[in-house]
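Participant: Dropping the structure in here first, questions after.
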Amino acid sequence: MSAPARERRPRAGARSQLRRIAPLLLLALGVAALLTAQGMGLGELTAPGPGLWPAVVAALLTGTAAALLFLDPAEDYEAWTAGTARIAAGLVGLALFVVLFVAIGFIIPTFLLLTAWLRFFGDESWRMALVLGVAGALLLHLVFVIALGVPFPAGPVDQLLGG
Amino acid sequence: MGIFDGIVQGFSVALDPVNLLYVFVGVLIGTVIGVLPGLGPTATIALLLPLTYTIEPATAVILLAGIYYGSMYGGTITSVLLRLPGEAASVVTTFDGYQMAKQGRAGPALGIAAVGSFVGGILSVLGLMLLAPPLADLAVTFGPPEYVALTALGILLVTYLGTGTPLKSLAMAALGLLLATVGQDPITGTGRFTFGQVALFDGVDFVAVAMGLFGVGEILHSLERTEKVQAVTRGIRNIWPTRKDFRDSSGAIARGSVLGFVIGVLPGGGGVISSLASYALEKRRAKDPSRFGRGAIEGVAGPETANNASSTSAFIPLLTLGIPANVVLALIFGALLVQGVTPGPQLISQEPEIFWGVIASMVIGNVMLLALNIPLVGVFVQLLRVRTGILAAFALVVTMAGVFSVNNDSFDMWVVLVFGVVGWLMKKTGFEPGPLVLAFVLGEIMERAFRQSMLLSNGNLDIFVTRPLSGGLLAVMALVVVASILTARKRRTAFRHVDPEREVEAGAEPTEPTPGRANRPTPDTTDADVPSSSGER
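Protein chains in written order, with this note's numbering: chain E, 19 to 181; chain C, 17 to 553.
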């Protein structure tokens with residue numbers, strides 16, 4: 019997207035801190051990678067060690083991150099909004115999905131995730147969310163397990179459906 | 017093998033019933049996701065990557081290519097009718113296309129865009145046929161130093177030609193290169209950055225990274241936006257443009273084809289840049305530039321032609337040099353690598369069925385798209401009734417199930433989640449995921465070539481400068497850096513030049529448009545959340 023579009027974004031106080039955090043994180047990552055690479059052994063240019071290339075790349079990251087500390091245009095940053103809380107909730111939901119998926123298979127977690135997501139983030143009615151959740155879970159089970167033969171972890175419902 | 021034999025072989029591959037089905041599925045999916053705002057070609061291809069592993073390599077590329085150029089057609093529809101670009105390359109089409117729709121000329125706008133896309137696509141396929149084989153012959157003579165220079169040039173051009181801040185894109189490219197080093201050292205086998213995790217010994221999975229950054233990251237980002245966008249879905253009559261429309265836009269289509277082709281070949285080029293460039297060119301050439309932004313048909317025809325032409329010619333560097341020119345091509349590159357096919361100069365001679373088959377499928381795909389788009393626009397418009405929340409929920413589950421199916425390993429699901437968060441944070445902080453993914457894909461090639469060069473030259477860095485080809489490429493790189501520093505301010509004004517703000521002020525529009533960030537309330541019925549479509553090229 020073009021630069022002028024960003025300049026029109028609403029200003030917010032929180033952004034000034036965020037502005038420093040992003041390059042600082044990259045800088046820390048770059049320095050850490052540089053040190054790790056050194057530990058792996060740089061070797062010589064005639065006989066490059068495993069750490070040489072990572073060190074070169076980490077140096078590039080460190081350099082650009084350091085420059086960004088001073089040269090980063092502030093208008094690139096979006097303000098934090100109340101919507102950010104929704105993201106955290108969405109992430110927790112997804113993490114829960116993965117945990118449940120490993121424990122009890124595909125169908126039930128998929129039904130739960132679809133229904134919850136549609137109701138709370140999609141603003142669908144409970145009825146719509148439940149119908150789409152059940153239909154979606156069954157359909158995707160058909161596609162992935164029956165048609166594509168993906169070996170999802172076994173769960174309590176799978177015996178009933180086969181596959 | 018001559019070009020003629022190649023074409024014959026290509027059509028025999030592309031006309032195979034299975035491949036014919038996949039071309040059709042590809043262009044149909046492409047059109048559909050082009051219409052649906054928020055789901056661009058990058059996210060879709062990332063989502064579908066796991067499904068391509070079970071099919072033949074040629075068929076996989078035919079499918080993915082179809083999605084890519086199909087989305088270039090589909091993106092037009094929402095740009096014209098709703099002033100929301102369905103994918104990023106159609107941003108400029110909103111300027112004049114929407115004005116034409118308001119004047120009751122939505123039909124001709126869509127018609128000329130489809131015809132232009134078709135002409136641009138076909139001309140670009142012809143160029144690809146003629147240019148790719150000699151380029152591949154030249155590339156066979158490339159040694160490791162040339163590959164280092166070429167990959168470096170590719171990454172550099174992506175960071176400079178992209179729409180973000182070059183320095184930030186460069187930082188992301190460095191991060192991508194660093195990520196590519198996770199796992200075993202390709203030469204000595206030593207584990208690097210694995211932190212003792214067995215799952216990391218083979219490196220971070222490309223599919224998981226791409227799906228996280230583009231798929232989950234995009235969906236998370238859209239969660240924050242609560243604005244509702246109203247869509248216009250009034251009837252569209254008279255799709256076929258008048259003879260005068262054709263006369264007015266034939267020059268724009270011809271120029272757009274050439275411009276799009278050239279920009280597509282350049283690393284970092286592709287949809288957005290080519291359509292912006294074409295719009296700027298048409299506006300500058302026009303006798304009366306003030307018509308632009310008020311429904312000038314050239315402003316629709318040129319950019320739409322250019323973005324489709326560029327989406328085809330972008331395959332040239334991938335199929336001849338093994339260097340993906342943009343993010344979408346990087347994903348296709350990744351799909352081929354997982355299939356055990358390494359795109360490069362040998363591809364045309366060793367895997368002719370992939371090269372010629374894909375090219376022939378593009379001809380067929382473009383014919384299908386023309387046939388689909390002209391009579392069926394009304395049907396595609398109905399897709400806008402699908403609410404974004406439903407789309408997002410299903411896309412998430414498909415992402416998770418899909419990434420699991422690649423290695424049958426739940427670890428990759430966590431990788432997707434982590435990169436989803438990273439992708440969202442990058443969007444928030446103005447870092448582009450494109451250069452990261454491209455550098456991640458190129459990282460291994462670059463490291464290997466760099467170390468081979470060092471062995472060739474006994475550790476002498478001169479090898480990159482003294483060989484004519486790699487030296488020449490490095491000189492081009494130096495030129496790009498110098499030129500971009502000198503013209504940094506001009507570039508900003510160039511982007512401002514095609515900014516719709518002025519046009520819209522002239523058209524007395526009540527809302528405030530932001531290109532690429534598609535959140536514009538427009539009157540009438542239907543509701544749809546519209547996440548941004550930036551980041552795709």
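The C-beta atom is built at its ideal place from N, Cα and C for all residues, glycine as well.
1. Which residues, in chain order, does the segment 100 to 130 of chain E contribute to contact with chain C at a C-beta distance below 8 Å?
2. Buried or exposed for C/N35, please, with buried defined as at least 16 other CB atoms from any protein chain shown within 10 angstroms of its CB.
3. Please identify the residue among C/G436, C/L97, C/V379, C/L502 whose C-alpha is closest to the C-alpha of C/G136.
4. Can you pull the DSSP bridge partners for C/R208?
5. Chain E beta carbons: is any one of them nearer than 7 Å to that of C/E448?
6. Would you mind telling me which residues of chain E sit closer than 8 Å to C/M416, beta carbon to beta carbon, in chain order?
7. To which residues does DSSP link E/G61 through a beta bridge?
8. Under the assumption that C/Q355 contacts C/Y69 (Cβ atoms under 8 Å), give the Cβ distance between them as a whole number of angstroms.
9. Residues of the segment 131 to 148 of chain E with a CB closer than 8 Å to any CB of chain C: list them in chain order, please.
10. Residue range of the alpha helix (DSSP H) that C/D153 falls in?
11. Could you say which of C/V174, C/T210, C/G338, C/K260 lies nearest to C/V453 if we only look at CA atoms?
12. Starting from C/N474, find everything on chain E with Cβ-Cβ shorter than 9 Å and list it in chain order.
13. Which same chain residues, not among the five before or five after E/F129, have their C-beta less than 7 Å away from its C-beta?
14. Using a C-beta to C-beta distance shorter than 8 Å, which residues of chain E count as neighbours of C/N424?
15. Beta-carbon within less than 7 Å of C/M429's beta-carbon, same chain only, minus the 5 sequence neighbours each way: which residues are those?
16. Between E/V49 and chain C, is there a C-beta pair that is closer than 7 Å?
17. Since C/V383 contacts C/D221 with CB under 8 Å, what's their CB separation in whole angstroms?
18. Determine the extent of the alpha helix (DSSP H) in which C/Q366 is found, giving its start and end residues.
19. For C/P305, collect the residues of the same chain with a Cβ closer than 8 Å to its Cβ; drop the 5 residues on either side in sequence, then sort them by chain order.
20. Which residues, taken in chain order from the segment 72 to 86 of chain E, show a beta carbon closer than 9 Å to some beta carbon of chain C?
21. For C/G272, is the classification buried or exposed, using 16 other Cβ atoms within 10 angstroms of its Cβ as the cut-off for buried?
22. Taking only beta-carbon atoms, is E/A165 less than 7 Å away from chain C?
23. Distance, Cα to Cα, C/T328 vs C/L472?
24. Report yes if the CB atom of C/T58 is closer than 7 Å to the CB atom of C/V343, and no otherwise.
25. Any beta-carbon of chain C closer than 7 Å to the one on E/F162?
26. For the alpha helix (DSSP H) that contains C/Y38, what are its first and last residues?
27. Would you mind reading off the limits of the alpha helix (DSSP H) that contains E/D141?
28. Give the interface partners of E/L150 over in chain C, defined as CB-CB distance under 7 Å, in chain order.
29. Residues of chain C with CB under 7 Å from E/P68, in chain order?
30. Within its chain, find whatever has a CB closer than 6 Å to the CB of C/A376; leave out the 5 residues flanking it on each side and keep chain order.
31. Verify the CB distance criterion: does E/L53 have a CB-CB separation below 7 Å to chain C?
32. Going by beta carbon distance, what residues of the same chain come within less than 6 Å of E/P86, once the five residues before and after it are set aside?
33. Out of C/L347, C/Y295, C/I93, C/H237, which has the shortest C-alpha to C-alpha gap to C/A76?
34. What residues in the segment 301 to 330 of chain C have a beta carbon less than 9 Å from any beta carbon of chain E?
35. With a 10 Å radius around its C-beta and 16 neighbouring C-beta atoms as the bar for buried, classify C/L392 as buried or exposed.
36. In three-state DSSP terms, what is C/F262?
Facilitator: According to the structure data:
1. G101, T102, R104, I105, G108, L109, L112, A113, F115, V116, F119, V120, F124, T128
2. buried
3. C/V379
4. C/G199
5. no
6. L112, F115, V116, F119
7. E/P66
8. 7 Å
9. L131, L132, W135, L136, F139, G140, D141, E142
10. 122 to 156
11. C/V174
12. L63, T64
13. G151, V152, A155
14. V168, P169
15. M416, V419, F420
16. no
17. The pair is not a contact, with the Cβ atoms about 36 Å apart (cut-off 8 Å).
18. 363 to 366
19. K299
20. P72, V74, V75, A76, A77, L78, L79, T80, G81, T82, A83, A85, L86
21. buried
22. no
23. 36 Å
24. yes
25. yes
26. 33 to 51
27. No alpha helix (DSSP H) contains E/D141, which DSSP labels as neither H nor E.
28. I406
29. D201, T204, T206, R208
30. G26, F27, A30
31. no
32. A small fix is needed here, since residue 86 of chain E is Leu in this sequence, not Pro. If we look at E/L86 and ignore the five residues flanking it on each side, its Cβ neighbours are P41.
33. C/L347
34. none
35. exposed
36. helix
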